[in-house]
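Residue numbers (this note's numbering): 2 to 268.
Take a look at the structure below.
Written as structure tokens, this is what we have:
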């Protein structure tokens, strides 16, 4: 299986999810009222889990593993809490919740097949709560279109890259965090020890530092993004970067929901 979850997953209808989630939010408010806002994240997670178990919101599991695989690539994620097999709770202790926290929660929902989750933040003076939702399932995420009209694969490695990305999307689907696809690409091009290299950066012929890239072949690196807008500006910045290195080509993959674009950037 390309995606494995170490739990039986139940997909709750939205009304049932919200009914259960509000009970958990009530428990979270009680915990915050009792313990205050200054403790480490793990303490809040442990107390919430224990109190949910006492309230018969069961099973109340911590650190549920999600495994994403493709051939010999394997990546593990861990949900903070999974309650009643269908309510994912991610607990934070940050100044305020941000888009990065929402993106992580959506990523976990997509991997597990659930449609709704709950984010809780215990650091503010009052518990901050966000409900996160998605209507996407794996079949829908496996539906994608490829635009390779500006793709000029000059090496065997570039052709391998396109096949690999399309295979990953057929296996895992689109819409996942870009970092997952990037890590898989790095793995299949030799792993971090071989593929990740620091290349010199020059100004008027003088080396001013180095920058890490994922190399596909000599002179060719890869960039993986998840942009829904700003692609022309990104292409311009990739070209500027190339002009200050010894690299000749940047193979650029942009994962924009259902639209997958392969583009060759040269100096």
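Every residue gets a Cβ at the ideal spot worked out from N, C-alpha and C, and that includes glycine.
Check: Secondary structure of residue 116, DSSP reduced to three states; Outcome: coil
Check: Same chain, Cβ closer than 8 Å to residue 220, five either side skipped, listed in chain order; Outcome: 247, 248, 249, 250
Check: Top-ranked residue by Cα proximity to residue 223, from 86, 203, 188; Outcome: 188
Check: Rounded separation between residue 16 and residue 115 - CA only; Outcome: 14 Å
Check: Coarse secondary structure for residue 97, derived from DSSP in three states; Outcome: coil
Check: Run of the beta strand (DSSP E) containing residue 204, from where it starts to where it stops; Outcome: 197 to 204
Check: C-beta contact flag for residue 253 and residue 261 at 7 Å; Outcome: no
Check: Helix, strand or coil at residue 79 according to DSSP, with G and I counted as helix; Outcome: strand
Check: Contact check, residue 124 vs residue 199, beta carbons under 7 Å; Outcome: no
Check: Between the CA atoms of residue 88 and residue 47 - distance to the nearest angstrom; Outcome: 16 Å
Check: Three-state class that DSSP yields for residue 12 in the structure shown; Outcome: coil
Check: Rounded separation between residue 5 and residue 68 - CA only; Outcome: 5 Å
Check: Minimum length 3: unbroken beta strand (DSSP E) runs contained in the region 167 to 246; Outcome: 197 to 204, 207 to 218, 221 to 226
Check: Beta-carbon contacts of residue 113 that lie in its chain and below 6 Å, excluding the five residues immediately before and after; Outcome: 6, 10
Check: Endpoints, the alpha helix (DSSP H) within which residue 52 is located; Outcome: 42 to 55
Check: Exposure label - residue 121; buried when at least 16 CB within 10 Å; Outcome: buried
Check: Other residues of its chain near residue 268: CB distance less than 6 Å, five sequence neighbours each side excluded; Outcome: 243, 244
Check: Backbone secondary structure at residue 255 - three-state DSSP; Outcome: strand
Check: Local conformation of residue 136 per DSSP, three classes; Outcome: coil
Check: Beta-carbon spacing of residue 263, residue 184 below 7 Å; Outcome: no
Check: Cβ-based neighbour list, residue 153, same chain, cut-off 6 Å, excluding 5 preceding and 5 following; Outcome: 265
Check: Three-way DSSP call (helix, strand, coil) for residue 31 in this model; Outcome: helix
Check: Nearest-angstrom Cα separation, counted from residue 208 out to residue 25; Outcome: 56 Å
Check: Start and end residues, beta strand (DSSP E) containing residue 61; Outcome: 61 to 71
Check: Helix, strand or coil at residue 124 [DSSP, three-state]; Outcome: coil
Check: Three-state class that DSSP yields for residue 105 in the structure shown; Outcome: helix
Check: Three-state class that DSSP yields for residue 18 in the structure shown; Outcome: helix
Check: From 57, 225, 86, 259, residue whose alpha carbon lies closest to that of residue 179; Outcome: 225
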